[in-house]
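K.L.:
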Amino acid sequence: MATLLEEGIDQRSHGTLAWLASRQTFWVFVAAVIAIVLLSVGTDTFATQKNLFNVTRNFAFVGIIALGMTAVIITGGIDLSVGSIVCLVGMVLGVVMNTGFSIWAGLGAAFLTATAAGAVNGALIAYVGMPPFVVTLGMLAIARSLAMVASNNRMVYNFGPDQIKLLGLGGGSVFGVANPVIALVLLALLTGYLLRWTQWGRHVFAIGGNEQAATLAGIHVRRIKVGVYIFSAITAGISAVLEVGWLGAVTTNLGQSMELAVIAAAVIGGANLSGGIGTAFGAVIGAALIEVIRNSLLLLGVDAFWQGTFVGSFIVLAVMFDKLKVALAK
Amino acid sequence: MSILDLNEISKNFGAIQALNNVSMTIGRGEVVGLMGDNGAGKSTLMRIIAGNFAPTHGTIAIDGRPTVFHRPVEARKAGVEIVYQDLALCDNLTAAANVFLGRELRIGFGPFHILDYGAMYRRAGDLFRELKSETRPRDLVGRMSGGQRQAIAIARTRLSDAKIVLMDEPTAAISVRQVAEVLGLVRELRERGLAVVLVSHRMPDVFSVADRIVVLRRGRKVADKPIADSSPEEVTGLITGAIERV
Numbered sequence: 000m001a002t003l004l005e006e007g008i009d010q011r012s013h014g015t016l017a018w019l020a021s022r023q024t025f026w027v028f029v030a031a032v033i034a035i036v037l038l039s040v041g042t043d044t045f046a047t048q049k050n051l052f053n054v055t056r057n058f059a060f061v062g063i064i065a066l067g068m069t070a071v072i073i074t075g076g077i078d079l080s081v082g083s084i085v086c087l088v089g090m091v092l093g094v095v096m097n098t099g100f101s102i103w104a105g106l107g108a109a110f111l112t113a114t115a116a117g118a119v120n121g122a123l124i125a126y127v128g129m130p131p132f133v134v135t136l137g138m139l140a141i142a143r144s145l146a147m148v149a150s151n152n153r154m155v156y157n158f159g160p161d162q163i164k165l166l167g168l169g170g171g172s173v174f175g176v177a178n179p180v181i182a183l184v185l186l187a188l189l190t191g192y193l194l195r196w197t198q199w200g201r202h203v204f205a206i207g208g209n210e211q212a213a214t215l216a217g218i219h220v221r222r223i224k225v226g227v228y229i230f231s232a233i234t235a236g237i238s239a240v241l242e243v244g245w246l247g248a249v250t251t252n253l254g255q256s257m258e259l260a261v262i263a264a265a266v267i268g269g270a271n272l273s274g275g276i277g278t279a280f281g282a283v284i285g286a287a288l289i290e291v292i293r294n295s296l297l298l299l300g301v302d303a304f305w306q307g308t309f310v311g312s313f314i315v316l317a318v319m320f321d322k323l324k325v326a327l328a329k
Numbered sequence: 000m001s002i003l004d005l006n007e008i009s010k011n012f013g014a015i016q017a018l019n020n021v022s023m024t025i026g027r028g029e030v031v032g033l034m035g036d037n038g039a040g041k042s043t044l045m046r047i048i049a050g051n052f053a054p055t056h057g058t059i060a061i062d063g064r065p066t067v068f069h070r071p072v073e074a075r076k077a078g079v080e081i082v083y084q085d086l087a088l089c090d091n092l093t094a095a096a097n098v099f100l101g102r103e104l105r106i107g108f109g110p111f112h113i114l115d116y117g118a119m120y121r122r123a124g125d126l127f128r129e130l131k132s133e134t135r136p137r138d139l140v141g142r143m144s145g146g147q148r149q150a151i152a153i154a155r156t157r158l159s160d161a162k163i164v165l166m167d168e169p170t171a172a173i174s175v176r177q178v179a180e181v182l183g184l185v186r187e188l189r190e191r192g193l194a195v196v197l198v199s200h201r202m203p204d205v206f207s208v209a210d211r212i213v214v215l216r217r218g219r220k221v222a223d224k225p226i227a228d229s230s231p232e233e234v235t236g237l238i239t240g241a242i243e244r245v
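Sequences listed follow chains A and B, in order.
The first sequence: position 306 = 305 (numbering that gives the first Met the number 0), numbered continuously.
The second sequence: position 60 = 59 (numbering that gives the first Met the number 0), numbered continuously.
#1: Can you name the residues that DSSP bridges to residue 23 of chain B?
#2: Quick one: is residue 276 of chain A near chain B, going by C-beta distance under 9 angstroms?
#3: Are the CB atoms of residue 168 of chain B and residue 199 of chain B nearer to each other than 9 angstroms?
#4: Check whether the Cβ atoms of residue 54 of chain B and residue 9 of chain B sit closer than 9 angstroms, and answer yes or no.
#5: Under a CB-based cut-off of 9 angstroms, is residue 112 of chain B close to chain A?
#6: Can you name the start and end residues of the alpha helix (DSSP H) that residue 41 of chain B belongs to?
#7: Please state whether DSSP places residue 154 of chain A in a helix, a strand or coil.
#8: Could you name the residues of chain B that residue 197 of chain A contacts, counting a contact when the two beta carbons are closer than 8 angstroms?
#9: For the alpha helix (DSSP H) that contains residue 214 of chain A, what are its first and last residues?
#10: Under 9 angstroms between C-beta atoms, does residue 208 of chain A make it to chain B?
#11: Would you report the Cα separation of residue 59 of chain A and residue 182 of chain A, rounded to the nearest angstrom?
#12: Let me know if residue 69 of chain B comes out buried or exposed under the rule of 16 or more other beta-carbons within 10 Å of its beta-carbon.
#13: Give me the Cα-Cα distance between residue 200 of chain A and residue 40 of chain A, rounded to the nearest whole angstrom.
#14: Between the C-alpha atoms of residue 19 of chain B and residue 196 of chain B, what's the straight-line distance to the nearest angstrom?
#15: Please work out which residues of its chain come closer than 8 angstroms, Cβ to Cβ, to residue 6 of chain B, disregarding the five sequence neighbours upstream and downstream, and give them in chain order.
#16: Assuming residue 204 of chain A and residue 63 of chain A make a contact with CB atoms under 8 angstroms, what is their CB distance in whole Å?
#17: Return helix, strand or coil for residue 32 of chain B, following the three-state DSSP convention.
#18: Taking only the alpha-carbon atoms, compute the straight-line gap between residue 94 of chain B and residue 322 of chain A and give it to the nearest angstrom.
#19: For residue 90 of chain B, return the contacting residues in chain A, with the cut-off set at a CB-CB distance below 9 angstroms.
#20: Return the chain-ordered list of same chain residues with a C-beta closer than 7 angstroms to the C-beta of residue 152 of chain A, the five sequence neighbours on each side being excluded.
#21: Which whole-angstrom value is the C-beta distance of residue 93 of chain A and residue 158 of chain A, which I expect to be below 8 angstroms?
#22: Work out the CA separation of residue 135 of chain B and residue 12 of chain A for me, nearest whole Å.
#23: Residues in the stretch 152-176 of chain B with C-beta within 8 angstroms of chain A's C-beta atoms, listed in sequence order?
#24: Would you please verify whether the beta carbon of residue 304 of chain A is less than 9 angstroms from any beta carbon of chain B?
#25: Do residue 27 of chain A and residue 290 of chain A come within 9 angstroms of each other at the CB atom, strictly closer than that value?
#26: May I ask you to list the residues that DSSP assigns as paired with residue 163 of chain B?
#27: Between the beta-carbon of residue 268 of chain A and the beta-carbon of residue 283 of chain A, is there less than 9 angstroms?
#28: At what residue ranges does the stretch 92-125 of chain B contain a whole run of the beta strand (DSSP E), taking only runs of 3 or more?
#29: Are residue 11 of chain B and residue 207 of chain A touching if we call contact CB-CB under 9 angstroms?
#30: Would you verify that the beta carbon of residue 72 of chain B is, or is not, closer than 9 angstroms to some beta carbon of chain A?
#31: Taking all protein chains shown into account, do 16 or more other C-beta atoms lie within 10 angstroms of the C-beta of residue 0 of chain A, making it buried, or fewer, making it exposed?
#32: Classify residue 172 of chain A as helix, strand or coil using the three-state DSSP reduction.
#33: Identify every residue that forms a DSSP beta bridge with residue 215 of chain B.
#34: Just the C-alpha distance for residue 193 of chain A and residue 221 of chain B, rounded to the nearest angstrom, thanks.
#35: Can you tell me the Cβ-Cβ gap for residue 244 of chain A and residue 165 of chain A, rounded? I've got them flagged as a contact below 8 angstroms.
#36: Could you tell me which chain B residues have their CB closer than 7 angstroms to the CB of residue 218 of chain A, listed as they occur along the chain?
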């Protein structure tokens with residue numbers, strides 16, 4: 000019986016079912032679906048429009064950044080600074096609009112800030128050759144501190160003449176679907192397309208698989224690395240703009256520790272920290288699963304402090320799946 | 000008419016003199032075996048021809064035209080293809096993706112291009128069939144045997160209109176049957192008028208397929224003669240230093 004199972008999983012025929020069954024992302028997706036079904040049937044509060052609206056919007060903020068993080072992880076890097084970049088971009092947006100400028104000026108400033116942070120990360124990592132962990136750890140501290148400086152360590156809740164537009168952007172919805180969710184879906188489609196169908200995406204995977212081989216093949220490794228860190232920072236910026244619009248305020252602890260949730264989402268979704276593996280769909284599913292766990296614990300009346308235990312266990316379980324599969328095959 | 004001219008090539012890395020005044024010409028349809036002990040300078044010379052770095056002194060001419068390579072891609076465009084000793088493959092990509100690494104086939108127009116998976120799978124499949132390899136284009140390289148990986152690295156060299164193919168230890172880690180196939184391929188490249196430089200430790204392989212033998216010792220060329228005028232014993236002596244030069 001075990002031999003048949005191994006053969007089923009390891010079979011190198013291009014049968015879709017065999018291929019699916021060997022993927023971590025597939026099983027995480029199954030787990031999420033099962034959880035959703037159980038919750039919909041078991042509680043009368045999960046499947047309500049209001050709750051689903053909240054759940055999807057909550058995980059959208061993490062999911063958007065998880066897309067950028069997945070691209071970085073595929074190249075074999077990591078970006079610890081996303082949470083702080085969310086805070087910095089949020090503060091820049093708040094201060095610019097508070098001063099009286101239009102929402103377009105605010106968005107422009109936000110975009111430039113995110114791009115600058117990502118470019119600094121990328122340049123230090125790709126051109127100076129420093130380890131991503133160290134560089135983004137430094138940026139984590141620097142970005143948050145700059146956010147405090149920009150806002151004089153005060154909350155911003157007055158966004159000037161275009162306040163209503165900003166609140167509508169983050170807090171609004173289209174046909175009952177929250178704007179952040181729409182942004183997540185669009186970004187997920189874009190990221191998936193870039194990773195699978197463009198030469199750039201192929202090169203991102205190559206860099207993660209064997210950077211030296213990529214360089215020898217003529218791939219512009221350094222440029223692409225800077226690109227993924229800018230991409231990661233921009234997704235953080237997009238999430239920041241939407242979250243600030245939804246909250247209606249920029250607090251000094253915006254995005255605090257968000258990098259952990261984002262990395263967890265990417266890893267649960269199948270991105271391999273040693274590089275070369277990851278998908279856009281996985282990033283979304285990973286973020287969704289974490290949020291479904293959180294929401295289900297809440298609805299089931301479990302003490303909120305248990306959430307960390309469950310989420311942490313799922314990270315370990317999801318990644319252990321890969322190891323179990325290899326061990327079973329022996 | 001010589002296809003590759005190396006004129007007094009020297010290379011030093013700081014205080015280490017890796018190559019010292021090495022000159023060599025290779026003609027069309029010629030297979031040159033490049034031998035020498037570890038540290039003799041074979042890989043350095045190959046990397047210079049392949050464009051990884053420039054020599055400290057000396058010039059290279061391809062088809063009579065002097066050229067300077069700053070990056071491997073420039074050498075490739077000039078018609079130099081190389082199979083590296085470690086094959087330079089990405090384990091997380093398919094065989095076809097590795098063959099087309101850096102030169103992916105795309106379809107589209109203007110600024111909108113997408114990868115042409117179908118064309119890449121088909122062409123890679125054709126190349127593997129030509130090499131009589133069982134490698135399948137859609138399989139991930141990470142799960143392949145040494146022979147299949149070697150086939151991918153060699154298939155790469157068939158993508159463009161190469162003039163010169165450099166092979167760094169191509170038979171080192173493969174099965175006996177595969178060795179025969181690789182050597183057969185080298186002969187076929189010669190039939191087509193390409194020049195092949197074969198770096199190898201394996202005397203029988205070199206003597207079975209090369210037209211000429213060049214021996215390096217401590218960065219200098221100590222022999223450059225037709226293989227028919229030499230013997231494994233003489234070459235061994237040249238490599239170790241028992242024979243000074245010929």
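Think of the CB as a built atom: it goes at the ideal place given N, C-alpha and C, for glycine as much as any other residue.
P.N.:
According to the structure shown:
#1: Counting from one through the second sequence, the residue named residue 23 of chain B turns up at place 24. BP columns for residue 23 of chain B point to B:5.
#2: By 1-based counting over the first sequence, the position of residue 276 of chain A is 277. Closer than 9 angstroms: yes.
#3: Sequence index remark: in the second sequence, residue 168 of chain B carries index 169 (1-based). Sequence index remark: in the second sequence, residue 199 of chain B carries index 200 (1-based). Against a cut-off of 9 angstroms, the Cβ pair of residue 199 of chain B and residue 168 of chain B comes out as a contact.
#4: Counted from its first residue, the second sequence places residue 54 of chain B at position 55. Counted from its first residue, the second sequence places residue 9 of chain B at position 10. Their beta carbons are under 9 angstroms apart, which means residue 54 of chain B touches residue 9 of chain B by this criterion.
#5: Taking the second sequence and counting its residues from 1, one reaches residue 112 of chain B at position 113. Yes, contact with chain A.
#6: What you label residue 41 of chain B is simply residue 42 of the second sequence in a count that begins at 1. Element bounds for residue 41 of chain B: 41-48.
#7: As a working note, residue 154 of chain A is residue 155 in the first sequence. Correct three-state label for residue 154 of chain A: coil.
#8: Here the question's residue 197 of chain A lines up with position 198 in the first sequence. By Cβ distance, chain B contributes 112, 113, 114.
#9: Locating residue 214 of chain A in the first sequence gives position 215, counting from the first residue. Run containing residue 214 of chain A: 210-215, per the alpha helix (DSSP H) assignment.
#10: Stepping through the first sequence from its first residue, residue 208 of chain A is reached at position 209. Answer yes: the Cβ-Cβ gap between residue 208 of chain A and chain B drops below 9 angstroms somewhere.
#11: Locating residue 59 of chain A in the first sequence gives position 60, where the first residue counts as 1. Locating residue 182 of chain A in the first sequence gives position 183, where the first residue counts as 1. Computed Cα separation, rounded: 8 angstroms.
#12: For the purposes of this step, residue 69 of chain B is taken as the residue at position 70 of the second sequence. Exposed.
#13: In the first sequence, the residue the question calls residue 200 of chain A occupies position 201. In the first sequence, the residue the question calls residue 40 of chain A occupies position 41. C-alpha separation (whole angstroms): 40 angstroms.
#14: Taking the first residue of the second sequence as position 1, residue 19 of chain B is located at position 20. Taking the first residue of the second sequence as position 1, residue 196 of chain B is located at position 197. When rounded, the distance between both Cα atoms is 19 angstroms.
#15: What you label residue 6 of chain B is simply residue 7 of the second sequence in a count that begins at 1. Once the five neighbours on either side are set aside, the close Cβ partners of residue 6 of chain B are 22, 57, 58, 59, 60.
#16: Locating residue 204 of chain A in the first sequence gives position 205, counting from the first residue. Locating residue 63 of chain A in the first sequence gives position 64, counting from the first residue. Actually they do not touch by this definition, with Cβ atoms about 21 angstroms apart.
#17: Translated into positions along the second sequence, residue 32 of chain B becomes position 33. Residue 32 of chain B falls in the strand class under three-state DSSP.
#18: Here residue 94 of chain B refers to the residue found at position 95 of the second sequence. Here residue 322 of chain A refers to the residue found at position 323 of the first sequence. Each residue's Cα considered, the two are about 24 angstroms apart.
#19: Position 91 of the second sequence holds residue 90 of chain B. Those are 208, 209, 275, listed as they occur along chain A.
#20: For the purposes of this step, residue 152 of chain A is taken as the residue at position 153 of the first sequence. Contacts found: 251.
#21: Looking up residue 93 of chain A in the first sequence gives position 94. Looking up residue 158 of chain A in the first sequence gives position 159. With a Cβ gap of about 7 angstroms, residue 93 of chain A and residue 158 of chain A count as contacting.
#22: Walking along the first sequence from the start, residue 12 of chain A turns up at place 13. Walking along the second sequence from the start, residue 135 of chain B turns up at place 136. Model confidence at residue 12 of chain A stands at a pLDDT of 47, short of 50, so the residue's coordinates are unreliable and nothing is read from them.
#23: none
#24: In the first sequence, the residue the question calls residue 304 of chain A occupies position 305. By this cut-off, residue 304 of chain A is not an interface position.
#25: The residue given as residue 290 of chain A occupies position 291 in the first sequence. The residue given as residue 27 of chain A occupies position 28 in the first sequence. Not a contact, by the Cβ cut-off of 9 angstroms.
#26: For the purposes of this step, residue 163 of chain B is taken as the residue at position 164 of the second sequence. Paired residues: B:79, B:194.
#27: In the first sequence, residue 268 of chain A corresponds to position 269, counting from 1. In the first sequence, residue 283 of chain A corresponds to position 284, counting from 1. Taking 9 angstroms as the Cβ cut-off, residue 268 of chain A and residue 283 of chain A qualify as a contacting pair.
#28: 105-108, 111-114
#29: Residue numbering aside, residue 11 of chain B sits at position 12 when the second sequence is read from its first letter. Residue numbering aside, residue 207 of chain A sits at position 208 when the first sequence is read from its first letter. Not a contact, by the Cβ cut-off of 9 angstroms.
#30: In the second sequence, residue 72 of chain B corresponds to position 73, counting from 1. So yes, residue 72 of chain B belongs to the interface.
#31: Position 1 of the first sequence, counted from the first residue, corresponds to residue 0 of chain A. Confidence is the limiting factor: at residue 0 of chain A the pLDDT is only 43, short of 50, which leaves the residue's position unreliable and the question unanswerable from this model.
#32: Working through the first sequence from its first residue, we reach residue 172 of chain A at position 173. Strand, per DSSP.
#33: Translated into positions along the second sequence, residue 215 of chain B becomes position 216. According to DSSP, which records beta bridges pairwise, residue 215 of chain B is partnered with B:220.
#34: Taking the first residue of the first sequence as 1, we reach residue 193 of chain A at position 194. Taking the first residue of the second sequence as 1, we reach residue 221 of chain B at position 222. So the two alpha carbons sit approximately 53 angstroms from each other.
#35: In the first sequence, the residue the question calls residue 244 of chain A occupies position 245. In the first sequence, the residue the question calls residue 165 of chain A occupies position 166. Yes, residue 244 of chain A and residue 165 of chain A are in contact; Cβ-Cβ is about 5 angstroms, under 8 angstroms.
#36: The count along the first sequence starts at 1 and reaches residue 218 of chain A at position 219. Result: 101.
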